[in-house]
Amino acid sequence: MRQSQLFTKTRRDAPKDEVAKNAQLLIRAGYIHKEMAGAYSYLPLGLRVFKNIEQIIREEINAIGGQEIILAALQSPALWKKSDRWRDDAIDVWFKTELSARGGSASGGKSGGQLGLAPTHEEPITALMAEYVQSYKDLPCYVYQFQTKFRNELRAKSGIMRTREFVMKDLYSFSRSEREFREFYEKCAQAYLRIFKRAGIGATTFRTFASGGSFSKFSDEFQTVCDSGEDTVYLHRGKGIAVNKEVCTDEVLAELGVKRDEFEEVKTIEVGNIFPLGTRFSEALGLTYKDEKGEATPVIMGSYGIGPGRLMGTIVEVLSDEKGIVWPREVAPFPVHIVAISGGNADVIAEADWLYELLREQRIEALYDDRDVRAGEKFADADLVGIPTRLVVSEKTMSEGGVEMISRADGTTTFVSDNDITERLKE
RNA sequence: CGGGGCGUAGUAUACCGGUAGUACGCUUGCUUUGGGAGCAAGUAGACCGAGUCCGAUUCUCGGCGCCCCGACCA
Numbered sequence: 031m032r033q034s035q036l037f038t039k040t041r042r043d044a045p046k047d048e049v050a051k052n053a054q055l056l057i058r059a060g061y062i063h064k065e066m067a068g069a070y071s072y073l074p075l076g077l078r079v080f081k082n083i084e085q086i087i088r089e090e091i092n093a094i095g096g097q098e099i100i101l102a103a104l105q106s107p108a109l110w111k112k113s114d115r116w117r118d119d120a121i122d123v124w125f126k127t128e129l130s131a132r133g134g135s136a137s138g139g140k141s142g143g144q145l146g147l148a149p150t151h152e153e154p155i156t157a158l159m160a161e162y163v164q165s166y167k168d169l170p171c172y173v174y175q176f177q178t179k180f181r182n183e184l185r186a187k188s189g190i191m192r193t194r195e196f197v198m199k200d201l202y203s204f205s206r207s208e209r210e211f212r213e214f215y216e217k218c219a220q221a222y223l224r225i226f227k228r229a230g231i232g233a234t235t236f237r238t239f240a241s242g243g244s245f246s247k248f249s250d251e252f253q254t255v256c257d258s259g260e261d262t263v264y265l266h267r268g269k270g271i272a273v274n275k276e277v278c279t280d281e282v283l284a285e286l287g288v289k290r291d292e293f294e295e296v297k298t299i300e301v302g303n304i305f306p307l308g309t310r311f312s313e314a315l316g317l318t319y320k321d322e323k324g325e326a327t328p329v330i331m332g333s334y335g336i337g338p339g340r341l342m343g344t345i346v347e348v349l350s351d352e353k354g355i356v357w358p359r360e361v362a363p364f365p366v367h368i369v370a371i372s373g374g375n376a377d378v379i380a381e382a383d384w385l386y387e388l389l390r391e392q393r394i395e396a397l398y399d400d401r402d403v404r405a406g407e408k409f410a411d412a413d414l415v416g417i418p419t420r421l422v423v424s425e426k427t428m429s430e431g432g433v434e435m436i437s438r439a440d441g442t443t444t445f446v447s448d449n450d451i452t453e454r455l456k457e
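So, in structure tokens, the structure goes:
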């Protein structure tokens, strides 16, 4: 894409109402726009990153048998009353509203009825599966979605890390036995580790022993080490063991075979969470199957979440430097940033145009900075935007018959002759 | 929800009980062109409401909005 056509612009200053690094950089570089506290819109560059993250997750979840759907965000109270979660003291972040009443007048008006905006989707997915699962032959089954959740948090905070409206990849597993459930649970944990590795935070993200909340005794969180994180985790890098501070009791330590003083205490961001649901929802909503003997048996469920937006924010928090964002290749909005330093020289522009076309023919997507601005501004913007590979075209590089290739991550610069460009980019 | 802070051009900020200033941006022109250029001209602003006052952007009260700490976080 030609940068001159991109409607967003970079900014020198961050808005004063953003303190979190992720929001400051993402807004300055034109990735996101703040609508209100806890609600952000995604702009062209931001949406590209978001979709890349989504695609990584999709590929890894499909690889373990996930089937993708989208459930409705609007929810009627009936289902949630069956699981006793319509009450505000059961889920205190409900956004509730009402259907518009018909007939309007005081005498003949009918009540419109209540509605909620889904903060999570255990109830509707369980009810949906109850329509399709009858026999042991229909199981196991794994269903997921990327879908917007609404949570009326008392306090939104930390930029895009904790918002009132956010997309979540939520996967639900439906199994016939505890053993079958555990088998998938482990597979999913491995898939999560692959996802975080591809997203560029594999080295600092740990599967973490955590509380299971109200559904089970324990669960597994995926925690990324980061000073600006909200969680505290005890980490044993050597053994690769991590325990959320909340559950780090003597009993747990004994179970894991680690002494407390062997741990390093770190701040972390929770980028994923997987946990057993047991039969909590299948029993409440009547999701049973007939086993081999014809007996109705409740389905054993599990739930697996990742917020792509929070993951995006975490990548920015962890990998950015003083100049701006540093995207890992797989999530970057573009793999290549062509920067033309022309100073008005038409030959340089023609050379950069040629390069842009060459990459297009090779199906390598590039952001092409064809703007008529000075070199310093282009470099500063390129650093801020954070595309992993920069190709600089100028009079100087042309005289040597090639381009400069610069790595955003470590700044290494190499000269590449015109004939070798596409080969080098494929490395 | 408890505590604290803050609302001034598109953005970041300053001053002030008496006609609101600067920088960046944006527009026009000339010069410039490998790390956020220079000169000139132009554009654009006090969250809303009430009160005090001759006069309020400034002081007081209320509302709304935003940020931070804590609590909370299926």
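Position in the first sequence (first residue = 1) + 30 = my numbering. For glycine and all other residues, C-beta sits at the position ideal for the given N, C-alpha and C.
Bounds of the alpha helix (DSSP H) holding residue 80 are 74 to 93.
Scanning the segment 287 to 356 for uninterrupted alpha helix (DSSP H) segments of 4 residues or longer gives 310 to 314, 338 to 349, listed from N- to C-terminal end. If you check the CB distance, residue 345 and residue 415 do not come in under 8 Å. Residue range 248 to 255 is occupied by the beta strand (DSSP E) that includes residue 252. The distance from the Cβ of residue 451 to that of residue 405 is about 21 Å, inconsistent with a contact at the 8 Å cut-off. Under the DSSP assignment, residue 274 falls in the beta strand (DSSP E) whose first and last residues are 271 to 274. For residue 392, the secondary structure class from DSSP, reduced to helix, strand or coil, is coil.
Counting along the chain, no beta strand (DSSP E) covers residue 191, and no H or E run does either. Between the segment 390 to 403 and the segment 436 to 450 there are fewer than three C-beta pairs closer than 8 Å, too few to call the two in contact.
The C-beta distance from residue 342 to residue 79 rounds to 6 Å, short enough to fall under 8 Å. In the DSSP assignment, residue 177 falls within the beta strand (DSSP E) that extends over 171 to 180. For residue 432, the secondary structure class from DSSP, reduced to helix, strand or coil, is strand.
Per the C-alpha coordinates, the member of 257, 266, 228 positioned closest to residue 239 is 266. Put simply, the backbone Cα of residue 110 is about 39 Å away from that of residue 60. In this model, residue 77 and residue 363 are separated by some 8 Å (Cα to Cα). Secondary structure of residue 372 (DSSP, three-state): coil. Contact check between the segment 258 to 272 and the segment 221 to 231: fewer than three CB pairs, one atom from each, fall below 8 Å, which does not count as touching. DSSP places residue 411 in no beta strand (DSSP E) but in the uninterrupted alpha helix (DSSP H) bounded by 405 to 415.
With 16 or more other Cβ atoms inside 10 Å of its own Cβ, residue 250 counts as buried.
Between residue 385 and residue 433 a beta carbon distance of about 7 Å is seen, short of the 8 Å cut, so the two are scored as contacting. Within a 10 Å sphere around the beta-carbon of residue 198 sit 16 or more other beta-carbons, which makes this residue buried. According to DSSP, residue 236 shares a beta bridge with 253. As the crow flies, the alpha-carbon of residue 309 is around 5 Å from that of residue 330.
Around the beta-carbon of residue 156, 16 or more other beta-carbon atoms lie within 10 Å, marking it buried.
Taking 8 Å as the cut-off, the Cβ atoms of residue 378 and residue 424 count as close. Secondary structure at residue 62: strand, using DSSP grouped into helix, strand and coil.
For the set 418, 339, 403, 373, the Cα lying nearest the Cα of residue 56 is the one of 339. According to the DSSP secondary-structure assignment, residue 198 is paired through a beta bridge with 177. Boundaries of the alpha helix (DSSP H) around residue 224: 208 to 228. When the Cα atoms are used, residue 336 and residue 45 turn out to be separated by approximately 28 Å.
DSSP places residue 263 within a strand segment (E or B) once states are collapsed to three.
If you check the CB distance, residue 369 and residue 412 come in under 8 Å. Per the coordinates, the alpha-carbon of residue 35 lies some 10 Å from the alpha-carbon of residue 398.
Cβ contact annotation for residue 255 (same chain, cutoff 6 Å, sequence separation greater than five): 234, 296, 298, in chain order.
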